[in-house]
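Heads up, the sequence shown is in our numbering, so the first residue is 78 and it goes up one at a time. What follows is one structure encoded as structure tokens, with my remarks underneath.
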Amino acid sequence: MSSSFTFFLLLLLLLAFSSASSADNYAHNINNGGEDKKYSSSSPDEGGDGDVFRLEAPNLDETTLDNLLSFGHYRKTCAQFESIVHRKVNEWLNKDRTLGASLMRLHFHDCVVRGCDASILLNHETSERRANASKTLRGFEVIDDIKTELEKQCPTTVSCADILTTATRDATVALGGPYWDVPYGRKDGRISIADETEKVPVGYEDITSLLELFQSKGLNVLDLVILSGAHTIGRASCGSIQDRIFNYKGTGKPDPSIDPKYLDFLQRKCRWASEYVHLDATTPTKFDPIYYLNLHKNLALLSTDQLLYSDSRTSPLVSAFFRSTSSLFNHQFAVSMAKLGNVGVLTGDHDEGEIRTNCNSVNGAY
Ligand code: HEM
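Shown next, in the form of structure tokens:
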């Protein structure tokens with residue numbers, strides 16, 4: 078075992094076991110409405126120092142009284158919140174399991190633009206949801222259904238941003254992934270601008286751009302590698318990879334890094350942009366770290382995923398994960414998802430957030 082590999086494994090173990098809570102306290106949490114712990118939202122690092130590959134835990138020193146979320150936020154006002162989300166997510170996934178991955182992606186797209194404020198759910202002509210980058214997003218009906226039930230039981234109490242974050246966590250668990258505690262109290266944003274979805278990565282970026290994007294959200298290189306592991310499940314539309322397999326960077330040829338047999342399969346499968354193909358070529362419906370082994374074998378569907386293995390800033394982490402156990406991946410995934418869910422949240426009274434009564438429109442829109 079090389080010394081750099083040992084170093085990364087140690088680092089991962091430290092990070093993983095320092096903060097995540099595990100799946101086995103799920104029932105306890107549902108029944109008790111969560112403990113009344115306080116949790117700080119991670120403040121975005123504007124990245125002025127250009128140090129895009131720092132490895133560190135969220136900086137609790139950056140906490141202010143304004144940006145506190147709390148695990149017991151709905152305990153007195155809507156104690157049934159978590160159990161309603163849990164039940165609804167499982168009902169929807171029992172009908173259509175593919176919605177689980179779609180909810181995870183929806184949450185990511187929400188948090189990348191204006192923070193996790195449910196701006197992606199607003200549905201008006203110039204909103205994020207109507208942008209090109211959102212064309213294949215799914216799962217809106219799941220959130221609407223949960224919101225309708227919550228408005229019956231606890232009117233104007235639970236934000237759409239908290240619903241989306243919690244539904245994503247429950248979908249991850251339902252797909253065989255880890256549980257993590259979600260602190261609550263996010264407000265819903267009142268602004269959603271289609272052009273701002275330009276920051277959402279589409280699969281053709283280089284690693285430097287991805288690291289810069291993540292750093293601007295307070296997420297580090299480990300979060301990038303681990304959260305890309307969400308591609309262990311779900312699918313992409315062929316439109317997202319056609320350039321890669323037929324005309325990579327305008328060369329008229331495919332990306333030379335793709336395994337030849339896999340390329341042949343993809344070229345036959347993806348004649349039409351509207352077809353779908355699994356993101357994980359070998360275990361597409363299992364939430365597992367085999368995704369990282371695929372990168373090692375040149376079996377990544379997205380160019381951005383494959384680059385994680387060839388870029389020297391990310392490849393040691395990829396190697397550590399494909400040699401690791403599922404439980405290490407699960408633990409770190411939970412830690413990074415918890416961080417993602419706290420990106421840029423609106424919590425104060427003065428920060429223009431609200432509790433929407435309908436997730437598709439701001440209050441007073443009609
Ligand atoms: C790091 C940069 C990322 C890039 C470049 C990227 C890119 C993509 C692309 C191109 C697709 C296929 C979209 C389509 O054609 O329909 C996709 C799907 C997906 N992404 Fe990502 N993604 C990234 C990060 C993330 C993160 C952080 C998460 C979640 C934490 C995530 C979760 C998913 C899931 C679950 C799907 C499958 C969706 C479905 O089956 O409906 N992605 N991603």
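For glycine and all other residues, C-beta sits at the position ideal for the given N, C-alpha and C. Here the structure is a predicted model, which is why all the values come from computation and not from measurement.
With 16 as the cutoff for other CB atoms within 10 Å, does residue i come out buried or exposed?
i: P232; result: exposed
i: K216; result: Reading off the sequence, residue 216 comes out as Gly, not Lys. That one is buried.
i: D258; result: buried
i: T309; result: buried
i: E133; result: Caution applies to E133, whose pLDDT of 41 falls short of 50 and renders its modelled position unreliable; the value that the coordinates give is listed next. Looking at its Cβ environment, which holds fewer than 16 other Cβ atoms inside 10 Å, E133 is exposed.
i: R321; result: buried
i: N407; result: buried
i: C436; result: buried
i: D194; result: buried
i: V412; result: buried
i: T243; result: buried
i: G327; result: exposed
i: Y103; result: Residue confidence for Y103 is low, a pLDDT of 29 falling below 50, so the modelled location carries little weight; the figure read from the coordinates is stated next. The residue is buried, with at least 16 neighbouring Cβ atoms inside 10 Å.
i: R433; result: buried
i: N209; result: exposed
Using CA coordinates, which residue listed in the options is at the minimum distance from residue i?
i: G430; options: H186, G192, S179; result: G192
i: T255; options: V277, S404, T360; result: One detail in the question is off: residue 255 reads as Pro in this sequence, not Thr. With distances taken between Cα atoms, P255 lies closest to S404.
i: T234; options: E159, T175, S204, L384; result: E159
i: I303; options: R312, F291, S314; result: F291
i: A442; options: L176, H201, F185, T154; result: H201
i: L340; options: F148, T274, A377; result: A377
i: H373; options: S392, D365, V189; result: S392
i: K172; options: T154, A350, C155, V219; result: V219
i: S286; options: L384, K212, D187, Y325; result: L384
i: G329; options: P337, D336, K338, Q319; result: Q319
i: S438; options: L183, R206, T213; result: R206
i: L379; options: A251, D283, V162, K224; result: D283
i: T245; options: L176, D365, I322; result: L176
i: D222; options: K212, A156, L198, A208; result: L198
i: A313; options: Y151, T154, S179, G425; result: S179
i: G149; options: A350, Y261, R390; result: Y261
i: W349; options: T359, C315, G421, K276; result: C315
i: G187; options: N167, A248, V277; result: Note that residue 187 is Asp in the sequence shown here, rather than Gly. Nearest of N167, A248, V277 to D187, Cα basis: V277.
i: E228; options: I367, T154, K346, L343; result: T154
i: S204; options: K224, Y281, E273; result: E273
i: N389; options: V250, Y281, L288; result: In the sequence on display, residue 389 carries Ser and not Asn. It is L288.
i: A251; options: V298, R345, R164, Y281; result: R164
i: V279; options: N324, N375, T381; result: T381
i: P366; options: S401, S334, Y386, K338; result: S401
i: T362; options: F323, G425, A248; result: A248
i: F364; options: G295, G311, K224; result: G311
i: T170; options: G253, S334, Y281; result: Correcting the residue identity first, residue 170 is Leu in this sequence and not Thr. Checked all of G253, S334, Y281; the closest Cα to L170 is G253.
i: T225; options: Y386, V162, F342; result: V162
Please confirm whether any heavy atom of the ligand HEM lies closer than 7 Å to the CB of residue i.
i: S351; result: no
i: A156; result: no
i: V279; result: yes
i: S305; result: yes
i: R182; result: yes
i: I197; result: no
i: A251; result: no
i: L287; result: yes
i: F185; result: yes
i: T175; result: yes
i: G254; result: no
i: I69; result: The structure shown has nothing for residue 69, since the chain only spans 78 to 443.
i: L301; result: yes
i: T359; result: no
i: G316; result: yes
i: T243; result: no
i: A415; result: no
i: E282; result: yes
i: A271; result: no
i: T434; result: no
i: A178; result: yes
i: L379; result: yes
i: A313; result: yes
i: R206; result: no
i: R215; result: yes
i: L394; result: no
i: L356; result: yes
Any beta carbon of chain B sitting closer than 8 Å to that of residue i?
i: Y256; result: In the structure shown, chain B cannot be found, because there is only a single protein chain.
Hey, is the stretch 385-400 in contact with the stretch 349-360, meaning 3+ C-beta pairs nearer than 8 Å? no
If contact is defined by three or more beta carbon pairs under 8 Å, each pair taking one atom from either stretch, is the stretch 262-269 in contact with the stretch 233-249? yes
Below 8 Å, how does it come out for the stretch 412-420 and the stretch 302-320: are there three or more Cβ pairs, yes or no? yes
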